[in-house]
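Structure record follows, encoded as structure tokens.
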Amino acid sequence: MKIIVLDNNGSRHKKHEKEITRLFPGASYDIIEKFSKYSIDDCNVDILLVHQSNDEFSDIEYAQNCGLTRIFFSGGTDTYEKIDGDHYVPFDELYDRVEKILSEMSESYDS
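Count the sequence shown with the numbering used here and you get residues 1418 to 1528, in order.
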């Protein structure tokens, strides 16, 4: 499993790392501030988490082939929404919601 967290606030990167390693032990992941290493049109990842204040946010949101499961988060988002398969999550609920999304995905694969 490949995961990318795109968050321009470096002070949150340790929290991202802690939660990613807890939820996805052994997964390959990158936590980055900018999308310089990856092309938006060719970001072949299983899970993509993007902070909505990143400059790349709207381009990624528009590029449907960027990430299989896409989760956009922000402290300014008040409630969880799922729109056209994308997840929009308040930052303070981010990893609880990621856990629920994974559980729902697992249940749908089992049936």
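Backbone N, C-alpha and C define an ideal beta-carbon position, used for all residues, glycine too.
Self-check item: Minimum C-alpha distance to V1462 - residue among D1476, I1448, L1485, E1450
Solution: L1485
Quiz prompt | Three-state secondary structure assigned by DSSP to N1467 | solution = Residue 1467 is actually Val in this sequence, not Asn. Strand at V1467.
Quiz item: Expressed to the nearest angstrom, what Euclidean distance is found between the alpha-carbon atoms of D1458 and F1452?
Solution: 11 Å
Quiz item: Ordered along the chain, which non-local residues of its own chain (more than five positions away) have a Cβ less than 7 Å from that of E1434?
Solution: I1448
Exercise. Could you work out which residue in G1493, M1418, I1500 is closest to E1478 when comparing CA atoms only?
Key: I1500
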